[in-house]
Amino acid sequence: VRDRVEELIDRLEQHHQQHCADHYYQVRGQLATSDDWFYQGNNVDRAARLIYLNKTCFNGLYRENSKGHFNVPIGSYKKPAIYDPEILRADSIALQSANIEPGSFDQVLQHARSSEDFVYFDPPYYPISPTSNFTAYNRYSFSEAQQIQLRDVVAELSDRGVKVMLSNSDCPFIQELYKAFNVHTIYATRNINCNAEKRGKITEVLVTNYLVEQS
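Our numbering puts the sequence shown at residues 90 to 304.
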């Protein structure tokens, strides 16, 4: 998106023109040929593939099986909005000054060091019921121990004066975990639920280590 947006738009248009069930499963099937499917092809191929599958799969869900292969079925959309070229171009402009790096959440400790820094964490949410375990989008689950480790990273950043914001589930475990910080309950819209009647607004928490004006 940042560096080759016009090529990405062209590739997404190709997916748009070819979109049907056969094309969807052909693209998805490419991901089952390697344990490292995400790294197959060049950057444009990978970005277009991920965006296409996300925009046309069931409920926009990202999920992998135990082998690490994307396994979400096609969604029932008559005319899926696969991409918006103007939004992608605007995203590309906004990202020009950004340095994008993959890595573990604790690597932020190498970079954020003072009150001039701001860090936002959006981790896999703590499951609030046996059927809402979305900590396992892929084969590597985000455990309770990692939730605690993340809290410890937030605490260390706070000691440095770094401003931190974090989103997570509204549940007793998270409320207790972040009781030393400011925990705000907010409403968020959720569209992923096997029962369509249960989709809609739910509460989640927004944790900050600084005061936020209530509107």
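No residue lacks a Cβ here, since even glycine has one placed at the ideal position from N, Cα and C.
Whether residue i touches residue j by CB criterion (7 Å)
| i | j | result |
| --- | --- | --- |
| leucine 101 | tyrosine 172 | yes |
| tyrosine 299 | lysine 268 | no |
| phenylalanine 159 | leucine 120 | yes |
| arginine 178 | valine 94 | yes |
| aspartate 180 | valine 242 | no |
Straight-line gap, residue i to residue j (C-alpha atoms, nearest Å)
| i | j | result |
| --- | --- | --- |
| glycine 157 | valine 116 | 16 Å |
| proline 261 | histidine 108 | 44 Å |
| isoleucine 163 | aspartate 259 | 31 Å |
| tyrosine 209 | threonine 278 | 19 Å |
| arginine 249 | aspartate 134 | 40 Å |
| histidine 104 | tyrosine 141 | 7 Å |
| glutamate 205 | glutamine 199 | 15 Å |
| aspartate 92 | alanine 183 | 11 Å |
| serine 256 | leucine 97 | 30 Å |
| glutamine 303 | tyrosine 276 | 14 Å |
| alanine 234 | glutamate 190 | 24 Å |
| methionine 254 | glycine 149 | 25 Å |
| aspartate 211 | tyrosine 151 | 15 Å |
| valine 294 | phenylalanine 207 | 18 Å |
| glutamine 106 | leucine 139 | 16 Å |
| alanine 110 | leucine 266 | 44 Å |
| phenylalanine 223 | serine 232 | Here the model assigns phenylalanine 223 a pLDDT of 48, short of 50, so the residue's position is not dependable, and the following value carries that caveat. Those two C-alpha atoms are separated by around 11 Å. |
| isoleucine 291 | proline 213 | 16 Å |
| asparagine 131 | asparagine 188 | 19 Å |
For residue i, the nearest candidate out of the options (CA to CA)
| i | options | result |
| --- | --- | --- |
| valine 301 | His273, Tyr214, Lys290 | His273 |
| glutamine 238 | Ser193, Ile275, Phe270 | Ser193 |
| serine 247 | Pro216, Ser230, Val197 | Val197 |
| alanine 137 | Asp99, Glu293, Glu265 | Asp99 |
| glutamine 236 | Ala244, Tyr215, Asn131, Thr292 | Tyr215 |
| serine 203 | Thr292, Ser232, Glu245, Glu233 | Glu245 |
| serine 186 | Ile263, Val90, Lys290, Arg240 | Val90 |
| glycine 118 | Phe207, Gln106, Gly149, Glu153 | Glu153 |
| leucine 230 | Asn131, Glu265, Tyr113, Ser155 | For the sequence presented, residue 230 should be read as serine rather than leucine. Checked all of Asn131, Glu265, Tyr113, Ser155; the closest Cα to serine 230 is Ser155. |
| tyrosine 113 | Asn132, Val161, Tyr151 | Val161 |
| phenylalanine 270 | Thr292, Lys290, Arg240 | Arg240 |
| glutamine 264 | Leu139, Lys290, Ile217 | Ile217 |
Whole-Å CB distance - residue i paired with residue j, under 8 Å assumed
| i | j | result |
| --- | --- | --- |
| proline 169 | lysine 144 | 6 Å |
Contained alpha helix (DSSP H) runs [length at least 4] in the stretch 150-210, N- to C-terminal order: Taking only runs of at least 4 residues, the alpha helix (DSSP H) segments lying wholly in the stretch 150-210 are 174-183.
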